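Take 51 as the starting number for the sequence shown in my numbering and just add one per residue. In what follows, a single structure is set out as structure tokens and then discussed.
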Amino acid sequence: MSSVCSCCWAWSPWTPGAASATCRPLWPEDPRPLPAILPAVSDFTPARKTVFSGIQPSGNLHLGNYLGAIQQWVRMQEDRNSFISIVDLHAITVTQDPKELATRVRELAAVLLAAGIDPEKTTLFVQSHVRAHAEGSWLLSCVTPLGWLERMTQYKDKSAKQQSVMTGLLTYPVLQAADILLYDAHEVPVGQDQKQHIELTRDIAQRFNHMYGETFVVPEPVIRKDGARIMGLDDPRSKMSKSEAGSGHALLLTDEEVVLRRTIKRATTDSGREITFSEDAERAGVNNLLTIYQLLTGKDRSGVEADFKDARGYGDLKTTVADLVVEKLAPIRAACTRYLDDPAELDRILQKGADRARAVAEPKLIQVKERMGLAVPAALL
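Set out below in structure tokens:
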């Protein structure tokens, strides 16, 4: 039997410990032995860093998601071993309509592909299609002190607002740690609101390594400073949110041109006329529009301000930003429609991604179980 070397992802003979010399792959969802899957990941480059990202299928993606996360993922896939998981197991920590959840998973996959995620460069897969995530989460929960989880800000905030709190909300960060550590990820692109969870992942990895020997890479959070927080167009004091779609708040990646233009035209600004970046909270709306323009053009602040030097007020600003947003999002909307119109191709891409993910995650899971004394002889499978 062969496996993936956890250090460099080169293929090498599997060398289990003496107590588990008859171990074999544990999961039945793919009847092929691991060597049959391995060629699917032969394009991984040992010298590259590995990056892991997860995204919930919680609604339509908006411009803030694109500028704050997806653009970064598209760039990173060019020089890193990239994994992106649609984390449906995380989504069910809140009660979901089963049919709607299944639909949102497919729609999210289509939007990610349309926005530039290349399935030949990025392993794109659905979290629940790789069972190692669930088992890995349990193993890590057994080395994670309860106090670490109870201190998580998101848990405290959400549990304070809910009369009945599910266990999944408390253990959510442990599943997130398993997502990351199963792939020996070096980098995890996240927003500022997820930084604490990545710090917990680091703590769990270090604790496991101390208890059982070096096993996991300790990942680093990658937080984009500019544009990590695109604000709502109707309320530039709050982060653009998927839950506020349709209210003039968010610009969805699949919105029609007329909707995009109307939303930007109605964006909150102020009573001034100067089109420049400002630290003044009263000018947050103008700052938000300028930030969108900056991130879509790639210009620095001085270059952005120079573009609007001769503008005749905020009307010109909104028109220019709307033109640019429409230009950038039209190809994404069209490509998304093509993917959704070809469900067989979408399924093929997600199946291939799950195969590739399992080929990395399952050998890592076996290594973790061996370290913990849980190696399973073939006779008991």
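Note that CB positions come from ideal geometry on N, CA and C, so glycine has one too. Note that this is a predicted model, so its numbers are computed, not measured.
- Distance from the Cα of N338 is smallest, within the candidate group T100, L113, G104, for L113.
- Burial check for L250: the Cβ neighbour count within 10 Å reaches 16 or more, so the residue is buried.
- Taking C-beta separations shorter than 6 Å and ignoring five residues to either side along the sequence, the partners of L231 in its chain run A255, F266, following chain order.
- C386 sits close to A164, with the two beta carbons spaced by under 8 Å.
- When DSSP states are grouped into helix, strand and coil, I399 belongs to the helix group.
- Counting along the chain, no alpha helix (DSSP H) covers T145, and no H or E run does either.
- Following the DSSP letters along the chain, one finds V267 in no beta strand (DSSP E), marked with neither H nor E.
- Under the DSSP definition of a beta bridge, P239 partners with V272.
- As a beta-bridge residue in DSSP terms, M281 pairs with K289.
- Annotation for F102: the continuous beta strand (DSSP E) segment containing it runs 100-105.
- Between A152 and L390, the gap from beta carbon to beta carbon reaches 8 Å or more.
- For the pair S108 and W123, the CB atoms are not nearer than the 8 Å cut-off.
- Look at S178 here: in three-state DSSP terms it is helix.
- Going by DSSP, N110 is part of no alpha helix (DSSP H) at all; its letter is neither H nor E.
- Take the alpha-carbon of S352 and the one of R252: they are about 38 Å apart.
- Nearest in C-alpha terms to V309, of all of V268, R333, E329, A372, is A372.
- In summary, L174 is buried, with 16 or more beta-carbon neighbours lying within 10 Å of its beta-carbon over all protein chains present.
- Taking 8 Å as the cut-off, the beta carbon of E306 is found no closer than this to the beta carbon of P269.
- Sixteen is the threshold: when 16 or more other Cβ atoms of the shown chains lie within 10 Å of the Cβ of E412, as they do, the residue is buried.
- Put simply, the backbone Cα of H299 is about 49 Å away from that of G263.
- Here S135 is buried: its Cβ has 16 or more other Cβ atoms, across all protein chains shown, within 10 Å.
- Looking only at R383, W188, I273, the smallest Cα-Cα distance to L302 is reached by R383.
- Here the C-alpha atom of A317 lies approximately 13 Å from the C-alpha atom of T370.
- The continuous beta strand (DSSP E) containing S132 extends over residues 131-136.
- M126: member of the alpha helix (DSSP H) spanning 121-126, first to last residue.
- Fully enclosed beta strand (DSSP E) runs of no fewer than 3 residues occupy 237-239 of the segment 207-251, in order along the chain.
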